[in-house]
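Participant:
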Amino acid sequence: NVDEGRGLWFAGDVGTGKTSLAMLVSLAAERAGRSAAIYPVTRLLAEIKDTYDSQTGGNYMRLFRRLTSVDLLQLDDLGAEKRTDWVLEQLYAIVNERWQDERSIVVTTNTTDLDDLRQQIGPRTVSRLLEICDEPLPLMGPDLRLSSAG
């Protein structure tokens, strides 16, 4: 429930419909008059890095406030990014701020094992996501992209 700062977490193999479901949730929130921001995590991290470049004129705090103040933030493909201390710091800062402000989040990931995800994005971030979203909802089945392409 967006009003209560709750979230959803979809986990499953490639092509099982995680992003499609997350997009439907974000669309429903927008149709209900809520603000939403949708980011593949790798693009989000690139945009954050871009704010450090003085030539692009990016503003880190403006982007951070947007990420943490929208009613619903969709993070797509969490765990696909290269793990670095900087990545861990950025992901935790965003998720923790949303948790503190009781803001909703929708997450998709191919990583179905929580221990593997803890290794990838850090135990603090996983812990906060579990508080916001509860356990990941597993999506199983064949790669729907391959089914529709054939």
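Our numbering applies: residue 5 is where the sequence shown begins, and numbers increase by one.
Here a beta-carbon is modelled for each residue, glycine too, at the ideal position from N, C-alpha and C.
In whole angstroms, give me the CA-to-CA distance for Glu34 and Asp138.
Facilitator: Using only the alpha carbons, I get a separation of about 23 Å.
Participant: Once you ignore the five residues that flank Asp1 on each side, which residues in its own chain have a CB closer than 7 Å to its CB?
Facilitator: Residue numbering for the chain in the displayed model covers 5 to 154; residue 1 lies beyond these limits and cannot be assessed.
Participant: Measure the C-alpha to C-alpha separation of Asp119 and Pro146 and round it to an integer number of angstroms.
Facilitator: Roughly 24 Å separates the two Cα atoms.
Participant: Terminal residues of the continuous alpha helix (DSSP H) containing Val99?
Facilitator: Note, Val99: alpha helix (DSSP H), 89 to 104.
Participant: What is the DSSP secondary structure of Asp80, reduced to helix, strand or coil?
Facilitator: Strand, per DSSP.
Participant: Just the Cα atoms here: how many angstroms apart are Glu93 and Asp75?
Facilitator: Spanning the two alpha carbons is a distance of roughly 22 Å.
Participant: How big is the Cα-Cα spacing for Gly37 and Leu79?
Facilitator: Computed Cα separation, rounded: 20 Å.
Participant: Roughly how many whole angstroms lie between the Cα atoms of Arg10 and Leu133?
Facilitator: Approximately 10 Å, taken between the alpha carbons.
Participant: Rounding to the nearest angstrom, what Cα-Cα distance links Arg102 and Pro142 in this structure?
Facilitator: The alpha-carbon atoms of Arg102 and Pro142 are separated by roughly 23 Å.
Participant: For the pair the segment 121 to 129 and the segment 22 to 32, tell me if three or more CB-CB distances fall below 8 Å.
Facilitator: Short answer: they don't touch.
Participant: Does the beta-carbon distance from Thr23 to Thr113 come in below 8 Å?
Facilitator: No, they are not a contact pair.
Participant: Taking 8 Å as the limit between beta carbons, can you name the residues of its chain near Leu148, skipping five residues before and five after?
Facilitator: Same-chain partners within the cutoff: Gly19, Thr20, Gly21.
Participant: Would you mind listing the beta strand (DSSP E) stretches within the segment 96 to 150 that are 3+ residues and don't spill past its ends, in chain order?
Facilitator: DSSP runs (the beta strand (DSSP E)) wholly in the segment 96 to 150: 108 to 113, 141 to 143.
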